[in-house]
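Per my numbering, the sequence shown starts with residue 162, numbered consecutively.
The C-beta atom is built at its ideal place from N, Cα and C for all residues, glycine as well.
Report on one structure; see the data block that follows.
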Amino acid sequence: DRQKPAGWSLSPKAVLTYLLGGKADDGTPITPKYVGRRRLMETAVATLATDRALLLLGVPGTAKSWVSEHLAAAIMGDSTLIVQCTAGTDENQIRYGWNYAQLLAKGP
Numbered sequence: 162d163r164q165k166p167a168g169w170s171l172s173p174k175a176v177l178t179y180l181l182g183g184k185a186d187d188g189t190p191i192t193p194k195y196v197g198r199r200r201l202m203e204t205a206v207a208t209l210a211t212d213r214a215l216l217l218l219g220v221p222g223t224a225k226s227w228v229s230e231h232l233a234a235a236i237m238g239d240s241t242l243i244v245q246c247t248a249g250t251d252e253n254q255i256r257y258g259w260n261y262a263q264l265l266a267k268g269p
């Protein structure tokens, strides 16, 4: 069994296998969900494993949302807790816009 960071459903290696495809430990084939530069996904998973934030930046239509949903699903077992924003989104909108009660309780 590989070690998982606190709060993760899968190990970083298993997350990469989920995203990039391969074989599970029991030999079950895993179909790729991402076809592109492997190093990009390795960097994304390593960044999240260190408890740092990950910002996916790119032109529209380059699968940023799709990748973030699959990363969330593999890491947390839930892809519904994703923050969507644009270049003009203020940090406070990201922190408090989704939870007005928290804004009132803690302030900006």
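Look at residue i and residue j and say whether their C-beta atoms are less than 8 Å apart.
i      : j      : result
Thr178 : Ile191 : yes
Leu180 : His231 : yes
Ala270 : Val176 : Nothing in the structure corresponds to residue 270, since the chain is present only between 162 and 269.
Pro173 : Val196 : no
Ala233 : Ser240 : yes
Is residue i close to chain D? Criterion is C-beta to C-beta, closer than 8 Å.
i      : result
Val206 : Annotation note: the requested chain D is absent from the structure, which comprises a single protein chain.
Could you please give the first and the last residue of the uninterrupted alpha helix (DSSP H) stretch that includes residue i?
i      : result
Ser226 : 225-237
Arg200 : 199-210
Taking the C-alpha atoms as reference points, what is the distance between residue i and residue j?
i      : j      : result
Lys184 : Arg199 : 16 Å
Met202 : Ala262 : 35 Å
Gln164 : Met237 : 15 Å
By the three-class DSSP mapping on this structure, what secondary structure does residue i have?
i      : result
Lys184 : strand
Pro173 : helix
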